[in-house]
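First comes the structure, then the notes that go with it.
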Amino acid sequence: MLAHWVDCGVNLTSSQFAEQTAAVVTRAKAANVQQLLLIGCDVAGSNQAAELAKTHQLVATAGVHPHDAKSVSANYLQHLSQLLSRPEVVAVGECGLDFNRDFSPRDQQEKVLREQLALAQSLQLPVYLHERDASETMLKVLQDYRVHGVLHCFTGNHSALMGYLDYGLHIGITGWICDERRGDKLRTLLPEIPLERLLLETDAPYLLPRTLRPKPKSGKNEPAYLPEIASQVATLLGTDLAHLQQQTSANFYRLFMSQSHV
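This is how it looks when you write it as structure tokens:
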């Protein structure tokens with residue numbers, strides 16, 4: 094039995110955690126969040142995430158976020174491939190499409206996404222996907238590849254959810270589910286996600302659960318608060334926390350660690 098939580102998405106390289114990474118990991122483990130997936134969003138950040146994962150016996154991703162697609166170097170895929178050969182680096186990403194902020198041109202976002210999907214397919218590694226206001230394009234792109242992975246921080250509509258599930262992806266749920274202002278749609282969709290495809294993540298330091306009491310003075314989210322997200326999910330699904338813990342942790346290890354020698 095897996096008697097601990099896993100946070101399937103932590104931005105531990107964020108400047109908000111500067112000089113605090115060891116303390117953040119210590120607090121997470123004290124809250125029984127024993128494994129963290131550290132997210133890389135560009136080559137430099139992915140290298141930093143890999144080093145932190147090695148230091149703290151965690152795991153990481155390596156990839157280029159759509160916001161950074163405009164800035165890739167000519168040999169960025171070579172750098173990612175080198176990172177992905179490290180035992181603590183278990184997935185390609187955070188990659189995807191963001192048509193909400195459009196920090197990179199859409200055609201460049203799609204090009205860089207396709208290159209990373211091809212890399213994941215060739216290495217037979219899972220992908221860690223980001224998508225905002227781009228589900229139709231994302232699903233069309235995915236049809237050209239055969240990859241497995243997670244749609245991180247899902248906040249989309251019913252059609253998008255069904256498309257991602259039909260493709261075979263896992264679905265990541267964050268503190269968005271705890272937000273009474275904008276989480277209503279997600280709460281209604283949550284029961285549509287098969288429990289064996291559900292992953293829990295904080296996306297720390299972002300998306301502090303609004304239901305958390307007392308609220309931290311820093312205003313920052315961190316992995317130690319994952320049990321608050323889990324509590325909300327368990328209540329909405331009508332399941333007990335122990336069952337949710339066992340299932341979501343098993344999902345994580347099956348998806349990200351089955352091919353790893355970490």
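Going by the numbering used here, the sequence shown opens with residue 94, and the numbers climb by one from there. Think of the CB as a built atom: it goes at the ideal place given N, C-alpha and C, for glycine as much as any other residue.
Inter-residue CB distance, residue i and residue j (contact presumed, cutoff 8 Å)
i	j	result
residue 330	residue 300	About 19 Å separates the two Cβ atoms, so there is no contact after all.
residue 105	residue 131	5 Å
residue 211	residue 238	7 Å
residue 98	residue 351	Contact flag wrong, Cβ pair sits at about 19 Å.
residue 192	residue 226	4 Å
residue 349	residue 152	7 Å
residue 318	residue 332	Their Cβ separation, rounded to whole angstroms, is 20 Å, which puts residue 318 and residue 332 out of contact at 8 Å.
residue 310	residue 109	In fact, because the Cβ distance is near 14 Å, the residues do not count as touching under 8 Å.
residue 326	residue 293	7 Å
Of the listed residues the options, nearest to residue i (C-alpha basis)
i	options	result
residue 43	196, 177, 195	This structure cannot speak to residue 43, because the chain is shown only from 94 to 355.
residue 290	323, 345, 318, 316	345
residue 235	262, 248, 215	262
residue 137	307, 314, 309, 154	154
residue 278	249, 199, 180	249
residue 202	179, 180, 156	156
residue 102	347, 163, 265, 281	265
residue 270	328, 217, 244	328
residue 347	322, 314, 241	241
residue 179	140, 252, 259	140
residue 113	171, 298, 259, 274	298
residue 57	217, 216, 164	This structure cannot settle anything about residue 57, because the visible part of the chain is limited to 94 through 355.
residue 115	147, 134, 96, 95	147
residue 228	150, 149, 260	260
residue 161	251, 133, 215, 334	133
residue 118	150, 143, 96	150
residue 96	107, 111, 128	128
residue 171	216, 281, 334, 273	216
residue 274	214, 207, 303	303
residue 280	232, 251, 175, 207	251
residue 233	206, 214, 334, 243	206
residue 166	143, 135, 213, 142	135
residue 175	143, 194, 335	143
Under 8 Å between C-beta atoms of residue i and residue j
i	j	result
residue 50	residue 186	Because the chain is modelled from 94 through 355, residue 50 falls outside the range shown and cannot be assessed.
residue 100	residue 123	no
residue 230	residue 246	no
residue 305	residue 285	no
residue 159	residue 184	no
residue 126	residue 287	no
residue 189	residue 224	yes
residue 323	residue 339	no
Chain C contact for residue i (CB, 8 Å cutoff)
i	result
residue 149	Absent from the structure is chain C; it holds one protein chain and no more.
Runs of beta strand (DSSP E) wholly within the segment 262-304 (minimum 3 residues, chain order): 263-266, 291-293
Complete runs of the alpha helix (DSSP H) confined to the segment 158-216 [at least 4 residues]: 169-177, 199-216
Residue ranges of each alpha helix (DSSP H) within the segment 219-268, 4 or longer: 228-235, 251-260
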